[in-house]
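Heads up, the thing below is written out as structure tokens.
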Amino acid sequence: MNINLKVWRQRNQNSEGRFEEYKVQASPDMSFLEMFDVLNEQLIEDGKDPVAFDHDCREGICGMCSMVINGRPHGPKQGVTTCQLHMRSFSEGDTIVVEPWRANAFPVIKDLSVNRGAFDRIIASGGYVSVNTGNAVDANSILIPKEVADEAFEAATCIGCGACVSACKNASAMLFVGAKVTQLSMLPQGQPERQARVVAMVNQMDAEGFGACTNTGACAAECPKQIPLSVIANLNREYYKAKLNGK
Amino acid sequence: MKLESKIPQGSVDTKWTQYKSSVSLVNPANKRSLHVIVVGTGLAGASAAATLAEMGYKVSAFCFQDSPRRAHSIAAQGGINAAKNYQNDGDSVYRLFYDTIKGGDYRAREANVHRLAEVSTNIIDQCVAQGVPFAREYGGTLSNRSFGGTQVQRTFYAAGQTGQQLLLGAYSALERQVGLGNVTMYSRHEMVEVVKIDGKARGIIARDLVSGKLERHFGHAVLLCTGGYGNVFYLSTNAMGSNVTAAWKAHRAGAFFGNPCFTQIHPTCIPVSGHYQSKLTLMSESLRNDGRIWVPKKKDETRQPNDIPEDERDYYLERRYPAFGNLVPRDIASRAAKERCDAGYGVGTTKMAVYLDFKYNMINKYGRTEASKRGIQNPSEDVLLELGKEIAKEKYGNLFDMYKQITAEDPYEVPMKIYPAVHYTMGGLWVDYELQTTVPGLYALGEANFSDHGANRLGASALMQGLADGYFIIPYTLGSYLSKEIHTKPISTDHEAFVEAEKKVSDRINQLMGIQGKRTVESYHRELGLIMWDKCGMARNEKGLKEAIDQIRALRDDFYKNVRIPGSVDEFNPELDKAGRVADFLELGELMCWDALNRNESCGGHFREEYQTEEGEALRDDENFKNVFAWEYKENNQWELHKEELNYENIKIQQRSYK
Ligand SMILES: Cc1cc2nc3c(=O)[nH]c(=O)nc-3n(C[C@H](O)[C@H](O)[C@H](O)COP(=O)(O)OP(=O)(O)OC[C@H]3O[C@@H](n4cnc5c(N)ncnc54)[C@H](O)[C@@H]3O)c2cc1C
Ligand code: SF4
Ligand code: FES
Numbered sequence: 001m002n003i004n005l006k007v008w009r010q011r012n013q014n015s016e017g018r019f020e021e022y023k024v025q026a027s028p029d030m031s032f033l034e035m036f037d038v039l040n041e042q043l044i045e046d047g048k049d050p051v052a053f054d055h056d057c058r059e060g061i062c063g064m065c066s067m068v069i070n071g072r073p074h075g076p077k078q079g080v081t082t083c084q085l086h087m088r089s090f091s092e093g094d095t096i097v098v099e100p101w102r103a104n105a106f107p108v109i110k111d112l113s114v115n116r117g118a119f120d121r122i123i124a125s126g127g128y129v130s131v132n133t134g135n136a137v138d139a140n141s142i143l144i145p146k147e148v149a150d151e152a153f154e155a156a157t158c159i160g161c162g163a164c165v166s167a168c169k170n171a172s173a174m175l176f177v178g179a180k181v182t183q184l185s186m187l188p189q190g191q192p193e194r195q196a197r198v199v200a201m202v203n204q205m206d207a208e209g210f211g212a213c214t215n216t217g218a219c220a221a222e223c224p225k226q227i228p229l230s231v232i233a234n235l236n237r238e239y240y241k242a243k244l245n246g247k
Numbered sequence: 248m249k250l251e252s253k254i255p256q257g258s259v260d261t262k263w264t265q266y267k268s269s270v271s272l273v274n275p276a277n278k279r280s281l282h283v284i285v286v287g288t289g290l291a292g293a294s295a296a297a298t299l300a301e302m303g304y305k306v307s308a309f310c311f312q313d314s315p316r317r318a319h320s321i322a323a324q325g326g327i328n329a330a331k332n333y334q335n336d337g338d339s340v341y342r343l344f345y346d347t348i349k350g351g352d353y354r355a356r357e358a359n360v361h362r363l364a365e366v367s368t369n370i371i372d373q374c375v376a377q378g379v380p381f382a383r384e385y386g387g388t389l390s391n392r393s394f395g396g397t398q399v400q401r402t403f404y405a406a407g408q409t410g411q412q413l414l415l416g417a418y419s420a421l422e423r424q425v426g427l428g429n430v431t432m433y434s435r436h437e438m439v440e441v442v443k444i445d446g447k448a449r450g451i452i453a454r455d456l457v458s459g460k461l462e463r464h465f466g467h468a469v470l471l472c473t474g475g476y477g478n479v480f481y482l483s484t485n486a487m488g489s490n491v492t493a494a495w496k497a498h499r500a501g502a503f504f505g506n507p508c509f510t511q512i513h514p515t516c517i518p519v520s521g522h523y524q525s526k527l528t529l530m531s532e533s534l535r536n537d538g539r540i541w542v543p544k545k546k547d548e549t550r551q552p553n554d555i556p557e558d559e560r561d562y563y564l565e566r567r568y569p570a571f572g573n574l575v576p577r578d579i580a581s582r583a584a585k586e587r588c589d590a591g592y593g594v595g596t597t598k599m600a601v602y603l604d605f606k607y608n609m610i611n612k613y614g615r616t617e618a619s620k621r622g623i624q625n626p627s628e629d630v631l632l633e634l635g636k637e638i639a640k641e642k643y644g645n646l647f648d649m650y651k652q653i654t655a656e657d658p659y660e661v662p663m664k665i666y667p668a669v670h671y672t673m674g675g676l677w678v679d680y681e682l683q684t685t686v687p688g689l690y691a692l693g694e695a696n697f698s699d700h701g702a703n704r705l706g707a708s709a710l711m712q713g714l715a716d717g718y719f720i721i722p723y724t725l726g727s728y729l730s731k732e733i734h735t736k737p738i739s740t741d742h743e744a745f746v747e748a749e750k751k752v753s754d755r756i757n758q759l760m761g762i763q764g765k766r767t768v769e770s771y772h773r774e775l776g777l778i779m780w781d782k783c784g785m786a787r788n789e790k791g792l793k794e795a796i797d798q799i800r801a802l803r804d805d806f807y808k809n810v811r812i813p814g815s816v817d818e819f820n821p822e823l824d825k826a827g828r829v830a831d832f833l834e835l836g837e838l839m840c841w842d843a844l845n846r847n848e849s850c851g852g853h854f855r856e857e858y859q860t861e862e863g864e865a866l867r868d869d870e871n872f873k874n875v876f877a878w879e880y881k882e883n884n885q886w887e888l889h890k891e892e893l894n895y896e897n898i899k900i901q902q903r904s905y906k
């Protein structure tokens, strides 16, 4: 199939970017990133600069790939990362516009690669259980109802890709933060630090320059792991409870 | 140089306890002035970095991805083993030890494997304490599943995302230490050289992949936790960036490479579909709990799988290996699939695939249980199937979705088509009992070392080993070295050894950039991969290996004349990163072939066609090869072979049988 691409090219964080147009021959069974591999091979052979983009696992789990495709983070299909999107989701002759995540807290490194270090710093501010190696009790000594474990797991499947931020008109990181807070606040192991955690993480989120949440729900709609909007409601509840307790 | 495995004295079940209670310790004040470099933040690296920082060491950690959370461990699907015996099915430390040694076809060290089995139970406790949401039963206890090569249920899991959940646990422990200021994290950094002073590892040269700048980092010890090198085959289930560079630089700096040809080819992967393909996707071994593997009994079958009646299907694993059936170890399942396809019974457009079918168990195992739970009398097959699908979704939902996404076929309705693919490397840097390489102060953990899996790794044991190494082993064994280093003041990175190492790296990079030939890096990598797959893959023989060595040398020569790397050195340049990695693969590939050529036997994943039984099973030669091959790098891609004899005092070695 013949595909027309309009790709955001930007040399580095400080330079101006612009769209460039390319033509690529793809096959329907190719993944979207394999189509970019083909484009890059072509560019290198023509003596041009290939398009920089992030990727690693190509299985939808590492959270590294990050393209806004026709205005939507990770493209048109629900519950799918960029690397899992296949060309059969497009049609012959389509023009596809590809951009990086857009958010002040995620500065562009080059072309389609951005810096998501802010997410690591949010986790470092409190997204953990403070338990040193060697202090654990027998794993079955604390029983956890299956429903609780399943729900915590669902929240824990967040891959930290940042599509939620990119999808949000305010570039809010509430879905990402809500997912981690929800996971740990549900589990017995997360209780001792429950309130301090949520306050620290929200403070860090604000310090990183992520926007406020105005409940548009674009984040959950675009999240490749379908983290539900309810984690944001939960985050708010946890935060106000902690604040009421003077944390 | 003589290989010292440093295995402690005493009976196998007391060695580790003895070691721990007698190893030298470093007092808390001294720990604060000792600096440890941890390269890699997968399960092995993140757990080591976090634990060492908790203990008080100063730690610098490195990874080439944009965040430590993205290490390749994140992609592990099926589960992690531990000898908890929660299922009351007769499991024990000894049994896990025994299964692992046997699974590895008697090519691993008893002492290491026993220690691994011992600490396995602590790992599960630690992870649960961190908030890792493992799958649970209704009563609130942890759930288990079976993996290949065992007859007990000892595998803990979190749906098909176990690696993700374990890594996020280790990552959160790591980030906590970053937040506390005990770990400095360097993401998007690639280690490109080991710095040695007076024969000891004293630091690394790392390249900041965003700016392209070379950096010097000092450490009293250096830990390589940099994963496996399956990507030497180009197509594998590994992440795109997985590479051998760190281990290879260490090898060239004096660390011996152990059993490089021991590669695991995983039986259940989505088959290759086109020449543009960049990677292969694993379908977790856990699927073999409920999926039955078969091919049609008739050659060139044209009917759809669901139209082929039961008695015209060949469940060849159940037929050949009745005791273990679909749960034979990976090397055996892979070879059996290849055998059927080579004999002309393969399915799919390329005829290089077999079926993995869930229907039987969806109906009979899950459907029936659900029906009786819900009090449905005399359910029809359709009802049972629908009920069974719900359970399959709960157990394997993400894998089924992934399969459908890639192939556009729905595994709830039609059997999966699968074929073996490169998955894991048992080989790696040779380490002693303390996980130290042959370079003092340089350690290797996780998949990067050669240690515990012999010639074939059992499913769910890599995660166990990575976390064992990082959480529970290195924190003790590193003390043995560092307790003697408390008087070593931090060495300035202006030291000539750092200057020289940096110059070596920048010369190498300039050489690569200067070639400006015609061929892309990718095209060399693909070609190398094909050579390796054809001649050093699932089956090997003398003639093929010799040809491969010549071909790899020729390809390497061409690479240095004709590769084209775009862009410049001092910018974000993923093609340059890739070129460095492929350059190292081009050397490693040759060593793997030498290793396979010198090992004149078949064992585990290493199958030399000249050495097989009449039934086509691997034929070991314990007289000559009950050992580890440890290769020492000499100048210009020449190697010297050293051997470490393996002693089996607790397990009687036999021909491995799963029949
Ligand atoms: C698809 C898949 C599924 C799997 N499923 C299972 C399973 O269910 N159970 C099981 O037990 N095992 C499984 N395995 C195997 C297991 O996941 C790996 O063996 C294990 O995770 C390796 O962990 P590691 O910490 O050694 O290395 P990795 O997780 O590979 O981490 C390597 C780290 O090193 C860094 N690095 C590498 N080179 C450099 C360099 N030069 N400079 C700086 N940093 C560097 C990387 O950035 C990364 O942080 C699976 C493997 C695959 C491919
Ligand atoms: S919440 Fe969803 S979109 Fe946001 S980082 Fe996590 S997985 Fe990505
Ligand atoms: S590349 Fe890992 S999620 Fe897409």
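From first to last, the protein sequence lines stand for chains A and B.
At position 242 of the first sequence (counting the first as 1) the number is 242 in the working numbering, and the numbers step up by one without a gap.
At position 304 of the second sequence (counting the first as 1) the number is 551 in the working numbering, and the numbers step up by one without a gap.
Idealized CB from N, CA, C, for every residue including glycine.
Buried versus exposed, by CB contacts within 10 Å (16 or more), GLN758/B: Position 511 of the second sequence, counted from the first residue, corresponds to residue 758/B. Exposed is the call here.
Close-in-space but distant-in-sequence residues of the same chain around ALA340/B (CB under 7 Å, 5 per side omitted): Counting from 1 along the second sequence, the entry for residue 340/B is found at position 93. Checking the sequence shown, residue 340/B turns out to be Val, not Ala. Correct list, in chain order: ALA330, ALA364, GLU365.
Proximal chain B residues relative to LEU184/A, where beta-carbon distance stays under 8 Å: The residue you call residue 184/A lines up with position 184 of the first sequence. Per Cβ cutoff of 8 Å: GLY378.
CB of LYS225/A within 8 Å of CB of THR182/A, strictly: As a working note, residue 225/A is residue 225 in the first sequence. As a working note, residue 182/A is residue 182 in the first sequence. No, the pair does not count as a contact, with Cβ atoms beyond the cut-off.
From PRO687/B, ARG615/B, VAL457/B, GLU774/B, residue whose alpha carbon lies closest to that of ARG803/B: By 1-based counting over the second sequence, the position of residue 803/B is 556. Closest by alpha carbon: GLU774/B.
Rounded straight-line distance, which links the Cα of TYR418/B to that of ARG194/A: Within the first sequence, numbered from 1, the residue matching residue 194/A stands at position 194. Within the second sequence, numbered from 1, the residue matching residue 418/B stands at position 171. Taking the straight line joining both Cα atoms gives about 19 Å.
Short CB-CB distance (under 8 Å) between GLU92/A and chain B: For this step, residue 92/A is matched to residue 92 along the first sequence. Judged by the 8 Å Cβ criterion, GLU92/A is not in contact with chain B.
Any 3 or more C-beta pairs closer than 8 Å across the region 576 to 593 of chain B and the region 783 to 795 of chain B: yes
Cβ of ILE638/B within 8 Å of any chain A Cβ: Numbered from 1 along the second sequence, position 391 holds the residue referred to as residue 638/B. Closer than 8 Å: no.
Per-residue contacts from LEU187/A into chain B (C-beta, under 8 Å): Sequence index remark: in the first sequence, residue 187/A carries index 187 (1-based). Correct list: GLY378, PRO380.
Three-pair Cβ contact test at 8 Å for the region 289 to 298 of chain B versus the region 400 to 419 of chain B: yes
For GLN652/B, the nearest candidate out of GLY776/B, ARG279/B, GLY428/B, MET530/B (CA to CA): Against the second sequence, residue 652/B aligns to sequence position 405. Out of GLY776/B, ARG279/B, GLY428/B, MET530/B, MET530/B has the C-alpha closest to the C-alpha of GLN652/B.
Residues that SER619/B bridges to, as DSSP identifies them: Taking the first residue of the second sequence as position 1, residue 619/B is located at position 372. Looking at the DSSP assignment, SER619/B forms no beta bridge with any residue, so it has no partner.
Distance between beta carbons of LEU471/B and ALA494/B, contact taken as under 8 Å: One-based indexing of the second sequence puts residue 494/B at position 247. One-based indexing of the second sequence puts residue 471/B at position 224. Indeed they touch by this definition, with Cβ atoms about 6 Å apart.
Where THR549/B sits in the DSSP three-state scheme: For the purposes of this step, residue 549/B is taken as residue 302 along the second sequence, with counting starting at 1. Correct three-state label for THR549/B: coil.
is_contact[ALA709/B, chain A] using C-beta, thresh 8 Å: Stepping through the second sequence from its first residue, residue 709/B is reached at position 462. Cβ-Cβ to chain A under 8 Å: no for ALA709/B.
Touch test, the region 73 to 85 of chain A against the region 55 to 63 of chain A, Cβ-Cβ under 8 Å, three pairs minimum: yes
For GLY505/B and ALA877/B, believed in contact at Cβ under 8 Å, the rounded distance: For the purposes of this step, residue 877/B is identified with residue 630 of the second sequence, where counting begins at 1. For the purposes of this step, residue 505/B is identified with residue 258 of the second sequence, where counting begins at 1. About 5 Å; that satisfies the 8 Å criterion.
Near-chain B residues of the region 57 to 73 of chain A - C-beta to any C-beta below 7 Å: CYS57, ARG58, GLU59, GLY60, ILE61, CYS62, GLY63, MET64
Span of the beta strand (DSSP E) around PRO569/B: The residue given as residue 569/B occupies position 322 in the second sequence. Counting along the chain, PRO569/B falls outside any beta strand (DSSP E), and DSSP gives it neither H nor E.
Pairwise C-alpha distance: HIS319/B and ASN485/B: Sequence index remark: in the second sequence, residue 485/B carries index 238 (1-based). Sequence index remark: in the second sequence, residue 319/B carries index 72 (1-based). Cα to Cα, the separation comes out at about 7 Å.
Nearest-angstrom beta carbon gap, GLY450/B and VAL469/B [assumed within contact, 8 Å]: For this step, residue 469/B is matched to residue 222 along the second sequence. For this step, residue 450/B is matched to residue 203 along the second sequence. Contact flag correct, Cβ pair sits at about 7 Å.
8 Å Cβ cutoff, MET284/A in contact with chain B: Any question about residue 284/A goes unanswered here, given that chain A covers just 1 to 247.
Cβ separation of PRO569/B and LYS349/B, assumed to be a contact under 8 Å, to the nearest whole Å: For this step, residue 569/B is matched to residue 322 along the second sequence. For this step, residue 349/B is matched to residue 102 along the second sequence. Not quite, the Cβ-Cβ distance comes to about 18 Å (not below 8 Å), so this is no contact.
Unbroken beta strand (DSSP E) run spanning PRO556/B, endpoints: Locating residue 556/B in the second sequence gives position 309, counting from the first residue. Neither: PRO556/B is in no beta strand (DSSP E) and is coded neither H nor E.
Residue range of the beta strand (DSSP E) that includes PHE309/B: What you label residue 309/B is simply residue 62 of the second sequence in a count that begins at 1. Per DSSP, PHE309/B belongs to the beta strand (DSSP E) from 305 to 309.
Where GLU586/B sits in the DSSP three-state scheme: Along the second sequence, read from residue 1 onward, the residue named residue 586/B stands at position 339. Note: GLU586/B maps to helix in three-state DSSP.
Distance CB(PHE819/B)-CB(ARG846/B) smaller than 8 Å: If you number the second sequence from 1, residue 819/B lands on position 572. If you number the second sequence from 1, residue 846/B lands on position 599. Not in contact: PHE819/B and ARG846/B (Cβ atoms no closer than 8 Å).
Cutoff 8 Å: TYR128/A Cβ touching any chain B Cβ: Residue mapping note: residue 128/A aligns to position 128 of the first sequence, counting from 1. Taking Cβ atoms only, chain B reaches closer than 8 Å to TYR128/A, which makes this a yes.
Cross-chain neighbours of GLY160/A in chain B, by beta carbon under 9 Å: Taking the first sequence and counting its residues from 1, the one referred to as residue 160/A is at position 160. Under the 9 Å cutoff, chain B gives SER314, ARG316, ARG317, LEU415.
Within 8 Å, strictly: CB atoms of GLU891/B and SER434/B: Taking the second sequence and counting its residues from 1, the one referred to as residue 891/B is at position 644. Taking the second sequence and counting its residues from 1, the one referred to as residue 434/B is at position 187. No, these two residues do not count as a Cβ contact at 8 Å.
Cross-strand partners of ILE3/A (DSSP beta bridge): Position 3 of the first sequence holds residue 3/A. Answer by DSSP bridge pairing, in chain order: VAL24/A.
Span separating the alpha-carbon of ALA218/A from that of PHE32/A: By one-based count along the first sequence, residue 218/A stands at place 218. By one-based count along the first sequence, residue 32/A stands at place 32. If I take the Cα positions, the gap works out to 23 Å.
Buried versus exposed, by CB contacts within 10 Å (16 or more), ALA795/B: Within the second sequence, the letter at position 548 stands for residue 795/B. By the neighbour-count rule (16 or more Cβ atoms within 10 Å), ALA795/B is buried.
Residue environment, SER390/B, which counts as buried when at least 16 other CB atoms sit within 10 Å: One-based indexing of the second sequence puts residue 390/B at position 143. Buried: at least 16 other Cβ atoms inside 10 Å.
8 Å Cβ cutoff, ASP131/A in contact with chain B: By one-based count along the first sequence, residue 131/A stands at place 131. Correcting the residue identity first, residue 131/A is Val in this sequence and not Asp. True, the Cβ-Cβ gap to chain B drops below 8 Å.
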